[in-house]
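Take 2 as the starting number for the sequence shown in my numbering and just add one per residue.
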Amino acid sequence: MGKQRSRRSDSVATVPVALTVAGSDCSAGAGIQADLKTFTALSVYGLTAVTCVAEVPRKVSRIEPVTARLVREQLEMLLKNFRVGAIKTGLLCSAEIVCAVAQTIQDGGKKTARSIPFVVDPVMIATSGDNLLEPEAVEAYKNKLFPLATLITPNLDEAALLLETTIIDRKQMESAARALAKKYRASILLKGGHLRGDNAIDLLFHQGELTEFSAPFVRGVETHGTGCTYSAAITAGLASGFSLEQAIKRAKKFVTESIALHLRWKRGSTEIDALNHSI
Numbered sequence: 002m003g004k005q006r007s008r009r010s011d012s013v014a015t016v017p018v019a020l021t022v023a024g025s026d027c028s029a030g031a032g033i034q035a036d037l038k039t040f041t042a043l044s045v046y047g048l049t050a051v052t053c054v055a056e057v058p059r060k061v062s063r064i065e066p067v068t069a070r071l072v073r074e075q076l077e078m079l080l081k082n083f084r085v086g087a088i089k090t091g092l093l094c095s096a097e098i099v100c101a102v103a104q105t106i107q108d109g110g111k112k113t114a115r116s117i118p119f120v121v122d123p124v125m126i127a128t129s130g131d132n133l134l135e136p137e138a139v140e141a142y143k144n145k146l147f148p149l150a151t152l153i154t155p156n157l158d159e160a161a162l163l164l165e166t167t168i169i170d171r172k173q174m175e176s177a178a179r180a181l182a183k184k185y186r187a188s189i190l191l192k193g194g195h196l197r198g199d200n201a202i203d204l205l206f207h208q209g210e211l212t213e214f215s216a217p218f219v220r221g222v223e224t225h226g227t228g229c230t231y232s233a234a235i236t237a238g239l240a241s242g243f244s245l246e247q248a249i250k251r252a253k254k255f256v257t258e259s260i261a262l263h264l265r266w267k268r269g270s271t272e273i274d275a276l277n278h279s280i
C-alpha cells in the first residue's frame, strides 16, 4: 500500500503544468475552455487567468473584461504556487490588461530566475473579420508583450494588421514571417489557413530558418477556436519539454484531427459546429 501511494505521488508530481491567460467563451469552443480541453487531451495540467467573458457561439456578440488588477492577481497567485512549464495568452481585451500581463510575467521570471516558454496568440481579429482590440491595445502588444514572447502565432489577418500590408499568397507569407521575426525578435508561426488551396499551410520562422507545417484543408466545417486550440497544443508541448518544432508538429496534427472529427448540433434551421478535443 505504501509503495502504491508513493508511485501515485510521483506520478502527480511529474505532470507538466501550463497556464493560459485568456477570455472565457460561454460556448466552450474557444478561449480558456478550448485551452483547458487541449491541455487535458495532451496530458498537461491547465491553469487559467481569466481576462474577460465573451458571448459566443456563432459570433462574438459581447465581451465584458475583468479588471487589469484582477488579471494581475490571478497571475501572481498561480506563478507563486505552481511550477509553470509554459504560458500562453489569448484574448486580452484592453491595453491595461496587456500591460498588466506583460509586467507580471516579466516580474515572475525575475523571481524564479528561469525563463518560462511564452506563446503569444495575438487574438486581434475575429473569424468574422471584426476587430476585437482597440488600437491602444494593439500598440501594447507590440511594445510590451511581443518582446517577451518565445513564439508569436498570428493568422494572416493579424499579420497583415501588424505589418500594415496584405498577404494573399505563399510568397507574401514567407516575407511576412521573416519581417515579423525581425521586427519583434521572436520566433513566428504564421498560420495560413485562410489561403486558398488543398492544404492548410503554416510557416515557422525560427533561428533564421523557415519550416513548413502542412495538413489537408478540412472543408465544410464552420467552427471557431482553431487558433486557441493550436496555440494551446503548442504550449502543452513546450510545457512537456518538446522542442519548438516538435511541439508545433504535434499541435498541427491535433488541431487538424479536432476539426476533421468535429461535433455538430442542429436546432431548427441552425447548425453549430465545434472542435472535438477528445481525440
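Heads up, the beta-carbon is just placed ideally off N, CA and C, and yes, glycines get one too. The model shown is predicted, which means the values in this text are computed figures rather than measured ones.
Does the separation of the CB atoms of residue i and residue j fall below 8 angstroms?
i, j, result
"LEU93", "VAL99", "yes"
"GLU87", "ALA19", "Note on residue identity: the sequence assigns Ala, not Glu, to residue 87. For ALA87 and ALA19, yes; Cβs fall inside 8 angstroms."
"ILE189", "LEU196", "no"
"SER259", "LEU245", "no"
"GLU56", "CYS27", "yes"
"LYS172", "PHE214", "no"
"ALA150", "PHE119", "yes"
Identify, in the order they occur along the chain, each residue of the same chain with its Cβ nearer than 6 angstroms to the Cβ of residue i, setting aside the five sequence neighbours on each side.
i, result
"GLN75", "ALA50"
"ILE206", "Correcting the residue type first, residue 206 is Phe in the shown sequence and not Ile. Cβ within range, chain order: ALA178, ARG179, ALA182 and ILE189."
"LEU264", "ALA275 and ASN277"
"ALA237", "ALA19, PHE40, LEU43 and VAL45"
"ALA31", "HIS225, GLY226 and CYS229"
Might you give, ordered along the chain, the residues of its own chain that have their beta carbon closer than 7 angstroms to the beta carbon of residue i, omitting 5 neighbours on each side?
i, result
"GLU175", "LEU204 and LEU211"
"ALA240", "PRO17, VAL18, ALA19, VAL45, GLY86 and ALA87"
"THR105", "ARG73, LEU76 and GLU77"
"PRO123", "TYR142, ILE153, PRO155 and GLU159"
"THR167", "ALA161"
Would you kindly report the start and end of the unbroken alpha helix (DSSP H) that includes residue i?
i, result
"GLU210", "Where GLU210 is concerned, there is no enclosing alpha helix (DSSP H), although the beta strand (DSSP E) it sits in stretches over 210-217."
"SER259", "245-261"
"ARG73", "69-82"
Which residues bound the beta strand (DSSP E) around residue i?
i, result
"GLU56", "46-56"
"VAL120", "119-121"
"ALA87", "87-90"
"ASP203", "200-207"
Among residues of its own chain, excluding the 5 on either side of residue i, which ones have a beta-carbon nearer than 8 angstroms to its beta-carbon?
i, result
"ASP199", "PRO217 and PHE218"
"ASP170", "LEU196"
"LEU48", "VAL18, ALA19, LEU20, THR21, LEU79, PHE83 and VAL85"
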